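Peer 1: Let me give you the structure first, and then I'll get to my questions.
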(Lines of atoms letter the chains of each structure in order from A and count residues from 1; the text may use other names and numbers.)
(Lines give C-alpha, C1' and ligand atoms only; values in the text may rest on other atoms or scores of the structure.)
Protein backbone atom coordinates (compact mmCIF):
# COMPACT_ATOMS: atom_id res chain seq x y z
CA UNK A 1 0.00 0.00 0.00
CA UNK A 2 2.89 2.28 0.51
CA UNK A 3 3.63 2.11 -3.19
CA UNK A 4 0.16 3.36 -3.92
CA UNK A 5 0.47 6.17 -1.39
CA UNK A 6 3.82 7.13 -2.87
CA UNK A 7 2.31 7.28 -6.36
CA UNK A 8 -0.62 9.34 -5.07
CA UNK A 9 1.66 11.75 -3.27
CA UNK A 10 3.96 11.86 -6.32
CA UNK A 11 1.07 13.18 -8.41
CA UNK A 12 0.02 15.78 -5.87
CA UNK A 13 -2.25 13.76 -3.70
CA UNK A 14 -5.75 12.47 -4.13
CA UNK A 15 -7.30 15.90 -4.88
CA UNK A 16 -4.84 16.40 -7.76
CA UNK A 17 -5.65 13.02 -9.25
CA UNK A 18 -9.40 13.65 -8.94
CA UNK A 19 -8.97 17.07 -10.55
CA UNK A 20 -6.92 15.54 -13.39
CA UNK A 21 -9.56 12.86 -13.96
CA UNK A 22 -12.25 15.55 -13.96
CA UNK A 23 -10.28 17.59 -16.52
CA UNK A 24 -9.82 14.50 -18.72
CA UNK A 25 -13.52 13.61 -18.41
CA UNK A 26 -14.56 17.21 -19.15
CA UNK A 27 -12.20 17.33 -22.16
CA UNK A 28 -13.72 14.12 -23.50
CA UNK A 29 -17.22 15.55 -22.87
CA UNK A 30 -16.30 18.78 -24.70
CA UNK A 31 -14.90 16.84 -27.67
CA UNK A 32 -18.10 14.77 -27.78
CA UNK A 33 -20.25 17.92 -27.64
CA UNK A 34 -18.10 19.58 -30.30
CA UNK A 35 -18.60 16.57 -32.60
CA UNK A 36 -22.35 16.62 -31.92
CA UNK A 37 -22.55 20.34 -32.66
CA UNK A 38 -20.49 19.87 -35.84
CA UNK A 39 -22.86 17.11 -37.00
CA UNK A 40 -25.87 19.31 -36.22
CA UNK A 41 -24.26 22.24 -38.02
CA UNK A 42 -23.49 20.04 -41.05
CA UNK A 43 -27.12 18.89 -41.15
CA UNK A 44 -28.38 22.49 -40.93
CA UNK A 45 -25.93 23.67 -43.61
CA UNK A 46 -26.98 20.81 -45.85
CA UNK A 47 -30.68 21.66 -45.31
CA UNK A 48 -30.00 25.31 -46.16
CA UNK A 49 -28.06 24.21 -49.24
CA UNK A 50 -30.93 21.99 -50.41
CA UNK A 51 -33.47 24.80 -49.85
CA UNK A 52 -31.23 27.28 -51.67
CA UNK A 53 -30.77 24.89 -54.60
CA UNK A 54 -34.55 24.42 -54.82
CA UNK A 55 -35.13 28.17 -54.68
CA UNK A 56 -32.51 28.84 -57.36
CA UNK A 57 -33.97 26.08 -59.49
CA UNK A 58 -37.43 27.67 -59.19
CA UNK A 59 -36.01 31.08 -60.08
CA UNK A 60 -34.20 29.62 -63.09
CA UNK A 61 -37.40 27.85 -64.14
CA UNK A 62 -39.42 31.05 -63.76
CA UNK A 63 -36.82 33.03 -65.72
CA UNK A 64 -36.77 30.38 -68.46
CA UNK A 65 -40.57 30.33 -68.52
CA UNK A 66 -40.64 34.12 -68.72
CA UNK A 67 -38.10 34.08 -71.55
CA UNK A 68 -40.11 31.45 -73.44
CA UNK A 69 -43.40 33.34 -72.94
CA UNK A 70 -41.98 36.71 -74.00
CA UNK A 71 -40.26 35.07 -76.97
CA UNK A 72 -43.59 33.60 -78.05
CA UNK A 73 -45.29 37.00 -77.67
CA UNK A 74 -42.58 38.80 -79.65
CA UNK A 75 -42.74 36.17 -82.34
CA UNK A 76 -46.51 36.57 -82.69
CA UNK A 77 -46.31 40.38 -82.71
CA UNK A 78 -43.40 40.34 -85.17
CA UNK A 79 -45.22 37.99 -87.56
CA UNK A 80 -48.36 40.11 -87.40
CA UNK A 81 -46.48 43.38 -88.00
CA UNK A 82 -44.47 41.80 -90.82
CA UNK A 83 -47.66 40.60 -92.46
CA UNK A 84 -49.20 44.06 -92.07
CA UNK A 85 -46.11 45.68 -93.53
CA UNK A 86 -46.26 43.34 -96.53
CA UNK A 87 -49.93 44.23 -96.98
CA UNK A 88 -48.92 47.92 -97.03
CA UNK A 89 -46.36 47.21 -99.75
CA UNK A 90 -48.87 45.26 -101.82
CA UNK A 91 -51.44 48.01 -101.38
CA UNK A 92 -48.97 50.65 -102.54
CA UNK A 93 -48.30 48.79 -105.79
CA UNK A 94 -51.93 47.91 -106.35
CA UNK A 95 -52.90 51.57 -105.95
CA UNK A 96 -50.13 52.73 -108.29
CA UNK A 97 -50.38 50.06 -110.94
CA UNK A 98 -53.74 48.32 -110.47
CA UNK A 99 -56.26 48.76 -113.22
CA UNK A 100 -59.63 48.11 -111.66
CA UNK A 101 -61.16 50.13 -108.86
CA UNK A 102 -62.63 46.93 -107.45
CA UNK A 103 -59.15 45.42 -107.09
CA UNK A 104 -57.94 48.60 -105.33
CA UNK A 105 -60.95 48.60 -103.01
CA UNK A 106 -60.39 44.91 -102.16
CA UNK A 107 -56.73 45.58 -101.31
CA UNK A 108 -57.70 48.55 -99.12
CA UNK A 109 -60.24 46.34 -97.32
CA UNK A 110 -57.65 43.55 -96.87
CA UNK A 111 -55.24 46.09 -95.43
CA UNK A 112 -57.89 47.39 -93.00
CA UNK A 113 -58.60 43.81 -91.88
CA UNK A 114 -54.88 43.09 -91.41
CA UNK A 115 -54.60 46.31 -89.44
CA UNK A 116 -57.41 45.22 -87.12
CA UNK A 117 -55.89 41.74 -86.67
CA UNK A 118 -52.47 43.21 -85.84
CA UNK A 119 -54.04 45.67 -83.44
CA UNK A 120 -55.77 42.77 -81.66
CA UNK A 121 -52.50 40.84 -81.35
CA UNK A 122 -50.63 43.85 -79.96
CA UNK A 123 -53.31 44.83 -77.47
CA UNK A 124 -53.90 41.25 -76.36
CA UNK A 125 -50.25 41.01 -75.23
CA UNK A 126 -49.75 44.57 -73.93
CA UNK A 127 -49.46 43.70 -70.21
CA UNK A 128 -46.92 40.95 -70.84
CA UNK A 129 -43.97 42.83 -72.28
CA UNK A 130 -42.05 46.02 -71.43
CA UNK A 131 -43.38 49.52 -72.12
CA UNK A 132 -40.46 50.36 -74.40
CA UNK A 133 -41.41 47.61 -76.85
CA UNK A 134 -45.14 48.31 -76.52
CA UNK A 135 -44.50 51.96 -77.36
CA UNK A 136 -42.66 51.03 -80.55
CA UNK A 137 -45.31 48.51 -81.63
CA UNK A 138 -48.13 51.00 -81.12
CA UNK A 139 -46.18 53.67 -83.02
CA UNK A 140 -45.75 51.32 -85.98
CA UNK A 141 -49.40 50.33 -85.79
CA UNK A 142 -50.61 53.93 -85.62
CA UNK A 143 -48.46 54.88 -88.62
CA UNK A 144 -49.85 52.01 -90.65
CA UNK A 145 -53.38 52.86 -89.49
CA UNK A 146 -52.79 56.45 -90.62
CA UNK A 147 -51.58 55.07 -93.92
CA UNK A 148 -54.79 53.05 -94.26
CA UNK A 149 -56.99 56.02 -93.38
CA UNK A 150 -55.14 58.34 -95.75
CA UNK A 151 -55.22 55.80 -98.56
CA UNK A 152 -58.95 55.41 -98.06
CA UNK A 153 -59.53 59.18 -98.12
CA UNK A 154 -57.23 59.69 -101.08
CA UNK A 155 -58.87 56.78 -102.90
CA UNK A 156 -62.16 58.63 -102.59
CA UNK A 157 -60.56 61.86 -103.87
CA UNK A 158 -58.37 60.05 -106.41
CA UNK A 159 -55.52 62.51 -105.87
CA UNK A 160 -52.46 60.62 -107.17
CA UNK A 161 -49.78 63.03 -105.91
CA UNK A 162 -51.13 63.02 -102.39
CA UNK A 163 -51.50 59.25 -102.52
CA UNK A 164 -47.85 58.80 -103.44
CA UNK A 165 -46.62 61.22 -100.74
CA UNK A 166 -48.79 59.89 -97.92
CA UNK A 167 -48.26 56.25 -98.71
CA UNK A 168 -44.49 56.62 -98.84
CA UNK A 169 -44.29 58.95 -95.82
CA UNK A 170 -46.31 56.72 -93.47
CA UNK A 171 -44.75 53.48 -94.64
CA UNK A 172 -41.17 54.78 -94.40
CA UNK A 173 -41.83 56.13 -90.91
CA UNK A 174 -43.33 52.78 -89.87
CA UNK A 175 -40.32 50.93 -91.34
CA UNK A 176 -37.90 53.07 -89.30
CA UNK A 177 -39.74 52.05 -86.14
CA UNK A 178 -39.89 48.48 -87.38
CA UNK A 179 -36.07 48.37 -87.29
CA UNK A 180 -36.11 50.00 -83.84
CA UNK A 181 -38.55 47.32 -82.66
CA UNK A 182 -36.27 44.57 -83.91
CA UNK A 183 -33.35 45.98 -81.89
CA UNK A 184 -35.49 46.44 -78.76
CA UNK A 185 -36.79 42.87 -78.92
CA UNK A 186 -33.27 41.49 -79.40
CA UNK A 187 -31.99 43.55 -76.46
CA UNK A 188 -34.84 42.37 -74.24
CA UNK A 189 -34.32 38.72 -75.15
CA UNK A 190 -30.57 39.10 -74.54
CA UNK A 191 -31.34 40.59 -71.12
CA UNK A 192 -33.72 37.76 -70.23
CA UNK A 193 -31.27 35.18 -71.53
CA UNK A 194 -28.44 36.66 -69.44
CA UNK A 195 -30.59 36.70 -66.30
CA UNK A 196 -31.55 33.04 -66.68
CA UNK A 197 -27.91 32.04 -67.30
CA UNK A 198 -26.69 33.90 -64.21
CA UNK A 199 -29.13 32.12 -61.90
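Numbering (our numbering), first residue to last: 80 to 278.
Ideal Cβ placement from N, Cα and C applies to all residues, glycine included.
Computed from a prediction, not measured in an experiment: that's the story for all the values here.
Taking only runs that begin and end inside the segment 101 to 130, name each unbroken beta strand (DSSP E) of 3 or more residues, in chain order.
Peer 2: none
Peer 1: DSSP state of residue 178, grouped into three classes?
Peer 2: coil
Peer 1: By how many angstroms is the C-alpha of residue 210 removed from the C-alpha of residue 221?
Peer 2: 16 Å
Peer 1: Kindly indicate which three-state DSSP category residue 209 falls into: helix, strand or coil?
Peer 2: coil
Peer 1: Please classify residue 212 as buried or exposed, where buried requires at least 16 other C-beta atoms within 10 Å of its C-beta.
Peer 2: buried
Peer 1: Out of 196, 149, 190, state which residue places its alpha-carbon closest to the alpha-carbon of residue 267.
Peer 2: 149
Peer 1: Do the CB positions of residue 169 and residue 183 come within less than 8 Å of each other?
Peer 2: no
Peer 1: Assuming contact is defined by CB atoms lying nearer than 8 Å, are residue 174 and residue 193 in contact in what I supplied?
Peer 2: no
Peer 1: Using a Cβ-Cβ cut-off of 7 Å (strictly less than) and excluding sequence neighbours within five positions of residue 201, which residues of its own chain qualify?
Peer 2: Excluding residues up to 5 positions away in sequence, 156, 216, 217, 220 lie with their Cβ nearer than 7 Å to the Cβ of residue 201 in the same chain.
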